[in-house]
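**Student:**
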Amino acid sequence: MSHIAIRVENLSKQYKIAALRPHHDTLRDQLMGSLKSIFQRNGSPDQGESTIWALRDVSFEVKQGEIIGIIGRNGAGKSTLLKVLSRITEPTTGSAEIFGRVGSLLEVGTGFSRELSGRENIYLSGAILGMKKAEITRKFDEIVSFAEVERFIDTPVKHYSSGMYLRLAFAVAAHLEPEILLVDEVLAVGDASFQKKCLGKMEEVHKGGRTVFFVSHNMAAITSLCTRCLLIDGGRLVCSGSPESVIEEYLSKARTYAGIPISERKDRKGNGRVRFTNVSVLNERCEVVETVTSGQDISFSFEYESRDSETLDNAVVQIKFAGSLGQPLFACRSSASVREPLALVPGGRIVCKIPRLPLLAGVYTYTIWCTVGGIMEDFVSDVGKISVAEGDYFGTGKLPPNTLGDLLVAHTWSVE
Amino acid sequence: MEQTPESVQRILIQPSKGLFNFDLRELWQYNELLYFLVWKEVKVRYKQTIIGGAWAIIQPLLTMVIFTIIFGRLAKIPSDGMPYPVFTYTALLPWMLFAQALTRSGGSLVSNANLITKVYFPRLLVPLSAALAPIVDFIVSFLILLGMLAWYGIPPTLGILALPFFLALTLVTAISVNLWLAPINVKYRDVAHTLPFLSQIWMYASPVVYPLSMIPEKWQFLYSINPMVGVIEGFRWALLGKQSPNFMAMAISVIVVMALFLGGILYFKKMEQTFADVI
Chain V
19 MSHIAIRVEN LSKQYKIAAL RPHHDTLRDQ LMGSLKSIFQ RNGSPDQGES TIWALRDVSF
79 EVKQGEIIGI IGRNGAGKST LLKVLSRITE PTTGSAEIFG RVGSLLEVGT GFSRELSGRE
139 NIYLSGAILG MKKAEITRKF DEIVSFAEVE RFIDTPVKHY SSGMYLRLAF AVAAHLEPEI
199 LLVDEVLAVG DASFQKKCLG KMEEVHKGGR TVFFVSHNMA AITSLCTRCL LIDGGRLVCS
259 GSPESVIEEY LSKARTYAGI PISERKDRKG NGRVRFTNVS VLNERCEVVE TVTSGQDISF
319 SFEYESRDSE TLDNAVVQIK FAGSLGQPLF ACRSSASVRE PLALVPGGRI VCKIPRLPLL
379 AGVYTYTIWC TVGGIMEDFV SDVGKISVAE GDYFGTGKLP PNTLGDLLVA HTWSVE
Chain W
6 MEQTPESVQR ILIQPSKGLF NFDLRELWQY NELLYFLVWK EVKVRYKQTI IGGAWAIIQP
66 LLTMVIFTII FGRLAKIPSD GMPYPVFTYT ALLPWMLFAQ ALTRSGGSLV SNANLITKVY
126 FPRLLVPLSA ALAPIVDFIV SFLILLGMLA WYGIPPTLGI LALPFFLALT LVTAISVNLW
186 LAPINVKYRD VAHTLPFLSQ IWMYASPVVY PLSMIPEKWQ FLYSINPMVG VIEGFRWALL
246 GKQSPNFMAM AISVIVVMAL FLGGILYFKK MEQTFADVI
């Protein structure tokens with residue numbers, strides 16, 4: 019069982035991004051742009067055309083029968099790696115060899131057509147994922163019962179509930195039976211029982227001696243499923259090893275990131291019309307603090323600058339907290355908690371007040387983003403960390419043990 | 006230890022080099038997917054319409070009626086001695102097949118963006134399936150034509166055996182054009198806006214509403230470079246028993262189409278490497 023299933027050698031992928039230049043969506047713009055650049059060519063490179071390496075010199079081997087988990091922050095290059103291995107996009111340099119029939123599952127419901135019935139979609143999606151017609155016919159009943167959609171099999175899928183749709187889509191993919199399965203975050207969707215089913219199916223695939231290559235943010239799933247884990251950061255393979263050790267490395271990296279001043283963070287996403295320039299945690303008296311206590315009234319202050327000289331209406335800001343295992347705890351999103359969208363004047367400060375901080379003692383990291391009119395403008399993951407010391411959340415001087423979760427909830431008890 | 010059994014399929018992923026990396030065998034392996042993609046195009050086309058597939062009959066019939074009134078009656082354009090409705094309908098059949106194949110396949114890569122960014126298969130299948138799907142409409146409207154021929158008492162000739170050739174030429178022409186245009190449309194959506202316009206101009210540059218004989222002799226050679234001229238004349242010859250088409254002109258259009266087709270495949274294969282990144 020030690021045959022090589024995947025061998026990746028010095029794989030790199032470069033993307034061109036037209037960062038500073040305005041959009042070139044139409045041929046005319048492009049032609050004008052080309053003309054201009056011809057006349058401007060005085061040795062200086064075209065400033066608008068910049069490139070990024072989404073993958074850089076990645077090399078590794080996967081043996082047959084392994085379940086490999088890929089972890090890394092958003093934009094680290096995990097999905098690009100999967101896309102290259104699935105042959106959706108070509109590498110810029112380097113090579114990869116895959117031995118065996120590949121099935122890739124980069125989204126649930128690839129090739130589904132909303133107008134077609136469940137039955138028709140099973141055939142269509144199956145064929146797109148690489149199954150033969152005879153094979154689909156053979157597995158048809160199994161797929162339908164796995165998805166639990168027997169009664170609606172001849173209904174157009176646009177009338178399905180989102181749960182049914184997901185189940186059917188995954189059922190088709192789950193019956194693909196490839197020798198090597200490439201999966202991207204599929205388990206992030208669907209309800210708990212469905213996720214359990216998916217995990218079970220992947221375990222089954224593994225028991226059949228097949229190889230699974232699995233990108234996820236779900237550390238629990240990675241730990242329970244994978245035999246080995248790869249950590250990718252900034253397009254490079256940082257380390258590989260047992261899931262526990264690699265996850266530990268990943269989390270300590272996240273904590274290190276949280277120590278870097280926000281102005282020096284280059285790994286952000288978004289268009290950049292708004293950029294966060296400083297983040298600080300304030301106590302009740304609006305003094306900047308490093309450590310807070312459970313139950314304290316605190317605020318987060320985000321200083322930002324804006325490229326526009328006008329006020330940006332319709333902005334949404336979110337701060338998301340993650341625990342010591344990187345697990346999401348809770349998020350404060352302005353569009354959910356306030357009725358009016360935020361209007362950002364050019365350059366200023368956004369303050370998020372959290373009365374009675376509901377966190378037990380520990381170190382937490384947080385991620386922020388800002389959208390304007392639904393378009394991501396700035397996204398900085400693990401932008402900062404906050405140390406919480408024990409505090410008197412309930413006014414009783416006592417707290418529940420922190421083995422039972424990180425969150426505190428205000429509540430009352432009575433006997434009636 | 007690193008030996009791998011011979012029976013296992015090996016896939017090598019690396020930056021593609023060379024001009025010609027067209028893998029015909031792989032394309033053939035995906036013939037079932039081509040079938041399913043065509044089947045989907047056909048199935049989805051008339052979903053959620055009241056009269057459904059009847060559109061395939063109404064569109065060419067109504068166009069024929071309008072052309073007969075405007076060009077046949079009002080403008081009194083000659084029709085080589087044929088009843089004008091049959092004359093124009095015979096041309097409309099391959100024309101509509103061509104126009105449908107052209108417009109649908111031109112935008113096909115973009116409308117299937119969700120597939121292209123999520124799963125691997127030979128990208129050629131996308132414009133190919135979009136171009137093949139209108140054949141179903143063609144067959145339906147062809148049956149109407151047979152009815153019309155019987156009504157006007159025009160006996161079929163042996164030339165009818167050549168129809169599959171003209172049919173193939175129509176489709177290959179549409180596909181060839183789109184091997185160029187569909188990849189451009191991935192990057193510049195201008196193509197999608199140009200196509201309906203292009204197909205309209207192209208129709209007036211083809212003998213759909215007027216006979217080839219109206220074109221001055223000295224221009225006919227140049228005119229025949231348009232492959233649809235050969236196709237439409239071929240249809241009229243095969244079905245209406247008109248004088249045999251100009252084989253010289255037809256040979257020219259076949260050569261033009263073949264050059265367009267082969268160049269198009271090279272261009273398409275070159276561009277397909279970046280589809281997923283720019284779509």
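Just so you know, the protein sequences line up as chains V and W, in that order.
Under the working numbering, residues 19 to 434 are what the first sequence spells out, in order.
Under the working numbering, residues 6 to 284 are what the second sequence spells out, in order.
Backbone N, C-alpha and C fix where the C-beta goes; we use that ideal spot for every residue, glycine too.
(1) Using a Cβ-Cβ cutoff of less than 6 Å, which residues in the same chain neighbour W/V276 once the five nearest sequence positions on both sides are dropped?
(2) So with CB distances below 8 Å, who are the chain V contacts of W/S110?
(3) Do W/A167 and W/A96 have their C-beta atoms closer together than 7 Å?
(4) Using a Cβ cut-off of 7 Å (strictly closer), state whether W/Q34 contacts chain V.
(5) Using 7 Å as the threshold, is the C-beta distance between W/I180 and W/A118 below it?
(6) By the three-class DSSP mapping on this structure, what secondary structure does W/A80 have?
(7) By Cβ distance below 8 Å, which residues in the same chain neighbour V/P63 in space, the five residues on each side in sequence not counted?
(8) Is the shortest distance between the beta-carbon of V/T229 and the beta-carbons of chain W less than 7 Å?
(9) To the nearest angstrom, how far is the alpha carbon of W/L163 from that of W/G246?
(10) Skipping 5 residues on each side, what residues in its chain have a beta carbon closer than 6 Å to that of V/G288?
(11) Closest to V/V406 by CA distance: which of V/Y322, V/S327, V/A333, V/I316 is it?
(12) When burial is assigned at 16 or more other CB atoms within 10 Å of the CB, is V/S355 buried or exposed?
(13) From the DSSP output, in three-state form, read off V/D396 for me.
(14) Along the chain, where does the alpha helix (DSSP H) that runs through W/V115 open and close?
(15) With DSSP run on the structure shown, which of helix, strand or coil describes V/F231?
(16) For W/S116, return the contacting residues in chain V, with the cut-off set at a CB-CB distance below 7 Å.
(17) Which whole runs of the beta strand (DSSP E) in the stretch 152-179 of chain W are 3 residues long or more, in chain order?
(18) Quick one: what's got a C-beta closer than 6 Å to V/S432's C-beta in the same chain, skipping five residues either side?
(19) Got a sec: is the Cβ-Cβ distance from V/P40 to anything in chain W below 7 Å?
(20) May I ask which residues mark the beginning and end of the beta strand (DSSP E) holding W/F273?
(21) Give me the residue from W/L154, W/F147, W/M153 with the minimum Cα distance to W/P169.
(22) Among V/M237, V/F339, V/Q314, V/V292, which residue has its Cα nearest to the Cα of V/L362?
(23) Report the three-state DSSP secondary structure of V/R293 (helix, strand or coil).
(24) Could you confirm whether any beta carbon from chain V is found closer than 7 Å to the beta carbon of W/I284?
(25) Report buried or exposed for V/C304, applying the criterion of at least 16 other Cβ atoms within 10 angstroms of its Cβ.
(26) Taking V/Y178 as the query, report the chain A residues whose CB atoms sit under 8 Å from its CB, ordered along the chain.
(27) Whose C-alpha, out of V/L99, V/I140, V/V297, V/G127, is nearest the C-alpha of V/F320?
(28) From V/N60 to V/G391, what does the alpha carbon distance come to, in whole angstroms?
(29) At a cut-off of 6 Å, is W/F126 close to the ligand FMN when judged by its beta-carbon and the heavy atoms of the ligand?
(30) Nearest chain W C-beta to V/N420 closer than 7 Å, yes or no?
(31) Give the secondary structure of V/R137 by DSSP, where H, G and I count as helix, E and B as strand, and everything else as coil.
(32) In chain order, which alpha helix (DSSP H) runs of at least 4 residues are fully inside the stretch 266-354 of chain V?
(33) Which one of W/R15, W/P90, W/E46 has the shortest CA to CA distance from W/L151?
(34) For the candidate residues V/S281, V/V306, V/S242, V/V162, whose alpha-carbon lies nearest to that of V/T295?
(35) Quick one, are the C-beta atoms of W/P132 and W/N183 less than 7 Å apart?
(36) For the alpha helix (DSSP H) containing W/S204, name the first residue and the last one.
**Tutor:** Taking the geometry as given:
(1) Residue 276 of chain W is actually Met in this sequence, not Val. Taken in chain order, the residues that qualify are P188.
(2) Those do not exist, as W/S110 stays about 18 Å from chain V at its closest Cβ, beyond 8 Å.
(3) no
(4) no
(5) no
(6) coil
(7) Because V/P63 carries a pLDDT of 40, less than 50, the predicted location of this residue cannot be relied on, and the following value inherits that uncertainty. Here the set comprises nothing.
(8) no
(9) 9 Å
(10) M394, E395, D396, F397
(11) V/I316
(12) exposed
(13) strand
(14) 113-116
(15) strand
(16) Here the premise fails: no neighbours, minimum Cβ distance about 11 Å.
(17) none
(18) none
(19) With a pLDDT of 47 at V/P40, under the threshold of 50, the predicted position of this residue should be treated as unreliable, and no value is reported.
(20) Taken as a continuous stretch (DSSP letters only), W/F273 belongs to no beta strand (DSSP E), being part of the alpha helix (DSSP H) at 252-277.
(21) W/F147
(22) V/V292
(23) strand
(24) no
(25) exposed
(26) No chain A is present in this structure, whose protein chains are V and W.
(27) V/V297
(28) Reliability fails at V/N60, whose pLDDT of 43 lies under 50, so the model's placement of it is uncertain and the value that follows must be treated cautiously. When rounded, the distance between both Cα atoms is 39 Å.
(29) Summarising the ligand content, the structure contains no ligands, and the ligand FMN is consequently not present.
(30) no
(31) helix
(32) none
(33) W/P90
(34) V/S281
(35) yes
(36) 195-209
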